[in-house]
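Residue numbers for the sequence shown follow this note's numbering, so the first one is 72 and each next one is one higher. Positions of the beta carbon are idealized from the N, C-alpha and C atoms, including for glycine. Every value quoted in this text rests on a predicted model; they were computed, and no experiment measured them. Below: the structure, in structure tokens.
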Amino acid sequence: MSENKDPQVATPESPELKGEKFVYDFTEGNKDLKDLLGGKGANLAEMTNLGLPVPPGFTITTEACKVYLESGEEPTALRAEVSAHLDALEARMGKKLGQADDPLLVSVRSGAKFSMPGMMDTVLNIGLSDESVVGLTAQAGDERFAWDSYRRLIQMFGKTVLGVDGDLFEEALEAAKEAKGVTVDVDLDASDLKKLVKQFKKIVARDAGRDFPQDPREQMDLAIKAVFDSWNTDRAKLYRRQERIPGDLGTAVNVCSMVFGNLGPDSGTGVAFTRDPASGHQGVYGDYLQNAQGEDVVAGIRNTVPLAELESIDKKSYDQLMQIMETLETHYKDLCDIEFTIERGQLWMLQTRVGKRTAGAAFRIATQLVDQGLIDEAEALQRVSGAQLAQLMFPRFDDTGVADGKGPKLLGRGIAASPGAAVGKAVFDSYTAVKWSRSGEKVILIRRETNPDDLDGMIAAEGILTSRGGKTSHAAVVARGMGKTCVCGAEDLEVDTKRRRMTVGGRVIEEGDVVSIDGSTGKVYLGEVPVVPSPVVEYFEGRMHAGADDADELVAAVHRIMAYADRVRRLRVRANADNAEDALRARRFGAQGIGLCRTEHMFLGERREMVEKLILADTDAERETALEELLPLQKADFIELFEAMDGLPVTVRLLDPPLHEFLPDITELSVRVALAESRKDANENDLRLLQAVHKLHEQNPMLGLRGVRLGLVIPGLFAMQVRAIAEAAAERKNAKGDPRAEIMIPLVGTVQELEIVREEADQVIAEVEAATGTRLKLTIGTMIELPRAALTAGQIAEAAQFFSFGTNDLTQTVWGFSRDDVEASFFTAYLEKGIFGVSPFETIDKDGVGSLVRSAVEAGRATRPDLKLGVCGEHGGDPESVHFFHEVGLDYVSCSPFRIPVARLEAGRAAAGSTGSDSR
């Protein structure tokens, strides 16, 4: 038991070993050494430097872990360094590790650069044995405490280090409570715990094939190795993929002298936040549990009390904690997440880190800290992300139907741990959550409490509901980090995972029943609750004004940060939009033009028959007639589009997809023709269509007759589209409008293709100018979506006034992937095996596709310095990809209307430089 009251510890006096230093005392590091000491170790050192009450200890570096993971062996020098630091720690504490009459006990905790809550391993109370538990009893004067600490060590060590199934220990513990007729651990006395220790040791011997080690140094060494190994557990790798944390960082190991929160009612443990991580509001937030150790709080096994109640339990410790929280927030200039223990009235700080928070809290806290003068607007911009903004744009529940009793039924209320509106079928284990999710079902994962083994189910679920735990439980912390809706501590719900059901007030909810959970209010409903637009979307739509008296404070925070992002960003943001309605919405969302108008979408519906006539035309006259029918319709579309985006550029892509996409399905048409022939009622048009379908059928249409090839093979097709664009622009200009059309030729692979099409287009534009007496400023460019186009960009730029990178097709052709096929067949396996960190269709593949984009930018601008450059693939709205496009010097990104605010924000962050606080 720690009796040290001075957190300053002398470092080992022995000279530093030659070569790399693998162990640092808490007095040697600081918060900027996260790469080396991990987040936990760096912050323990920082708190020690600040003079806060930190139990003495030392950190084994991530470099030692990397050596171990690469070679399977610890660095040669590590054991000697650990021994030297342990000797110094023992000298400072005046006791030896596991000393029989007065044992020094330590914890061994993981601590990577980025927080991975519950994903890696921790072992407490190392140093206890059959011999030293007697000494601990004498020193503490509390036999129950000593044996409780010993059973915890065997349980944690057995599961974490020796690989024993943790449920075996839990079942033995539950059986002991049932035999005693009690429901909570603290009601077991010393005699009960002695029996439990004996039973736990038998479980270890039986299932681990060895006895629980009695040598304290062996315990510590094995625990250190177990922490190293935990870096590569399935759950840790899954979490890293989910959070995009690199897999080669390794984890540090923190060896810290133990302080105890389970010494009685004047002791306890808790987790505190300097602000509410769910809302961002200032105040006292956290959980406290008397007579407990830290894992009891985080696991959510016992329901905690709100941190504010600590004031009435132990005012001295509460006041000191409030001062420390203020010190840490001012020092880190951010929301801090703190773990602490009170040992017989003495407060100890066990950890701090920049806290994970919800999307709404991130925006509120960033602007609050600006108002407090702790950070400037540039730093506030780095404290939020496009992914968080996207979360704020999701719909929320409209529970008016619940209030009048006509809709879904309110089942109960828990703690609002992570906001959002989630609806799905109730499932009670992770396996089912994953299985049903892969079948297309939306599910809500319901547990008593979650643990790290539930991670895959939490990822698969729409939301998480637990009957135990608080805002700092495993479920809450992980859900907030992932942006998942979560309600915790819904005590009215009796969850029975074995029978796959939950009961509340006599009502039974079976697996498969639809439930709705509101992570903003903590309400839980039976049935599907309808949703309404979020206030942030209402703001972007212009239906809510940030400066209004009744403005939502979250909207005000979003407005401030978006305004700053717009002021500093260099990249312009356009929309992918094919009609006036989408264009107008995009403009409300802040679009600065249209980067992609797909004209093929204008040929659907009733116009499909006209396209069929074009395809079936046998003579030039028939083809010209079909084109003449399409011309006024295309022109009307463009007039609407140019009017909606008046004064802003509109990039119109000429027809791109293969013509067979406008014809009936070959199987369906064959059956129709066969049935008609069997009835001797053959339809001549169907027969001609079937012949055309067979003629146009391609084995790989993505690489067949499409794009610029259509314009070259079908006379008059592209000329008709260019004429429609030019006539629409002339009409808008004569109506005092300001049309700014850009004509984009798709799928160009060689400059000769572009030159031929451009020559025809220039001629058509000149004819329209002459006929209307209007001078038009229409630019002509191309999509770069083939590797050859990127590799010959310097030549293509001689004929193109702009490039727009079509990164969807460029990714397919660079990787040799057919997206529709590979995503369903083997992408999941590639992600699980770590071949991809993320799908290259979601985030630009910088090394492959990105390299081609970069070289094409350089070559194109070398030929034509004023070449306008943009991107119109889906990557244009992906946060990480936007930063890459800023870096390589594009002029704009283009994305779907809903993603425009995200792209605006990330373009601002890219310009300001993303080096701000990282709460991963």
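Simplified DSSP state of residue i, which is helix, strand or coil
{"i": "Asp405", "result": "coil"}
{"i": "Arg222", "result": "helix"}
{"i": "Ala870", "result": "coil"}
{"i": "Glu512", "result": "coil"}
{"i": "Cys943", "result": "coil"}
{"i": "Thr986", "result": "No answer about Thr986 holds up, because its pLDDT of 45 lies below 50 and its placement is not dependable."}
{"i": "Phe299", "result": "helix"}
{"i": "Gly820", "result": "coil"}
{"i": "Gly921", "result": "helix"}
{"i": "Gly128", "result": "strand"}
{"i": "Val607", "result": "helix"}
{"i": "Ile836", "result": "helix"}
{"i": "Glu87", "result": "Since pLDDT at Glu87 reaches only 37, below the 50 mark, its modelled position is unreliable, and the value read off the structure follows with that caveat. Residue state, collapsed to three classes: coil."}
{"i": "Ile413", "result": "strand"}
{"i": "Glu599", "result": "coil"}
{"i": "Ala81", "result": "Bear in mind that a pLDDT of 37 at Ala81, under 50, signals an unreliable position, so the model cannot answer this."}
First through last residue of the alpha helix (DSSP H) which encompasses residue i
{"i": "Ser338", "result": "Looking at the DSSP string, Ser338 is not in any alpha helix (DSSP H), and its letter there is neither H nor E."}
{"i": "Gly431", "result": "430-442"}
{"i": "Met791", "result": "788-805"}
{"i": "Thr696", "result": "691-715"}
{"i": "Asn196", "result": "It is not in any alpha helix (DSSP H) - Asn196 instead sits in the beta strand (DSSP E) that spans 193-197."}
{"i": "Asn362", "result": "From DSSP, Asn362 is part of no alpha helix (DSSP H); its letter is neither H nor E."}
{"i": "Gln285", "result": "Where Gln285 is concerned, there is no enclosing alpha helix (DSSP H), given that its DSSP letter is neither H nor E."}
{"i": "Leu726", "result": "Segment: none, Leu726 is in no alpha helix (DSSP H) and carries neither H nor E."}
{"i": "Leu115", "result": "105-120"}
{"i": "Asp238", "result": "237-251"}
Sequence-distant residues of its chain with Cβ nearer than 7 Å to residue i (five each side left out)
{"i": "Ala648", "result": "Ala654, Ala657, Ile665, Cys668, Pro968"}
{"i": "Asp192", "result": "Ser181, Thr231, Ala297, Val298, Ser301"}
{"i": "Met227", "result": "Val194, Leu195"}
{"i": "Val885", "result": "Pro858, Gly919, Val920, Leu923"}
{"i": "Arg659", "result": "Phe611, Glu612, Gly613"}
{"i": "Gly339", "result": "Gly332, Tyr359, Leu360, Gln361, Asn362, Ala363, Ile413"}
Expected contact under 8 Å - CB spacing of residue i and residue j to nearest Å
{"i": "Ile855", "j": "Arg829", "result": "Actually they do not touch by this definition, with Cβ atoms about 16 Å apart."}
{"i": "Leu818", "j": "Arg780", "result": "7 Å"}
{"i": "Leu115", "j": "Phe97", "result": "5 Å"}
{"i": "Asp717", "j": "Gly808", "result": "5 Å"}
{"i": "Ala349", "j": "Ser489", "result": "7 Å"}
{"i": "Gly426", "j": "Asp408", "result": "3 Å"}
{"i": "Ala449", "j": "Arg467", "result": "The pair is not a contact, with the Cβ atoms about 31 Å apart (cut-off 8 Å)."}
{"i": "Leu847", "j": "Ile836", "result": "6 Å"}
{"i": "Asp551", "j": "Arg428", "result": "Going by the sequence as given, residue 551 is Arg instead of Asp. Indeed, because the Cβ distance is near 6 Å, the residues count as touching under 8 Å."}
Proximity test, residue i beta-carbon vs the ligand ADP heavy atom, cut-off 6 Å
{"i": "Asp358", "result": "Absent from the structure shown: the ligand ADP. Ligands present: none."}
Beta strand (DSSP E) segment containing residue i, residue limits
{"i": "Glu565", "result": "565-567"}
{"i": "Lys555", "result": "Premise fails: Lys555 is in no beta strand (DSSP E) and is neither H nor E."}
{"i": "Ser181", "result": "177-183"}
{"i": "Asp96", "result": "94-96"}
{"i": "Ala151", "result": "Run containing Ala151: none in the beta strand (DSSP E); it sits in the alpha helix (DSSP H), 149-164."}
6 Å CB neighbourhood of residue i in its chain, flanking five on each side removed
{"i": "Ser952", "result": "Thr914, Ile915, His946"}
{"i": "Gly485", "result": "Val558, Cys559, Gly560, Ala561, Gly593"}
{"i": "Arg572", "result": "Val579, Glu581"}
{"i": "Pro86", "result": "Summary for Pro86: the model assigns pLDDT 32, below 50, so the residue's position carries little reliability; its value from the coordinates is reported in the next sentence. Excluding residues within five positions, none has a Cβ falling inside 6 Å."}
{"i": "Glu711", "result": "Ala651"}
{"i": "Glu74", "result": "Because the pLDDT of Glu74 is 38, which lies under 50, any placement of that residue in the model is unreliable, and the question is left without a value."}
Chain-order list of residues whose beta-carbon lies under 8 Å from that of residue i (same chain, five-residue window excluded)
{"i": "Asp962", "result": "Leu642, Arg643, Lys939, Leu940, Gly941"}
{"i": "Thr254", "result": "Lys248"}
For the pair the stretch 552-559 and the stretch 528-544, tell me if three or more CB-CB distances fall below 8 Å. yes
Quick check: the stretch 900-915 against the stretch 966-975, are at least 3 beta-carbon pairs closer than 8 Å? no
Taking 8 Å as the threshold, find out whether the stretch 143-150 comes into contact with the stretch 216-227 through three or more Cβ pairs. no
Would the stretch 628-640 count as touching the stretch 428-443 if we require 3 or more Cβ pairs under 8 Å? yes
Would you check if there are 3 or more beta carbon pairs closer than 8 Å linking the stretch 196-211 to the stretch 166-179? yes
Are the stretch 919-929 and the stretch 856-874 in contact at 8 Å, needing three or more beta carbon pairs? yes
Check whether the stretch 314-322 touches the stretch 159-170, taking contact to mean three or more Cβ pairs, one atom from each stretch, closer than 8 Å. no
Does the count of Cβ pairs from the stretch 153-161 and the stretch 125-132 closer than 8 Å reach three? yes
Can you find at least 3 beta carbon pairs, one from the stretch 260-279 and one from the stretch 232-239, that sit closer than 8 Å? yes
Would you check if the stretch 517-528 and the stretch 545-553 touch, i.e. whether three or more CB-CB distances between them fall below 8 Å? yes
If you pair each beta-carbon of the stretch 675-693 with each one of the stretch 619-626, do three or more pairs fall below 8 Å? no
Between the stretch 689-709 and the stretch 742-749, can you find at least three pairs of beta-carbon atoms closer than 8 Å? no
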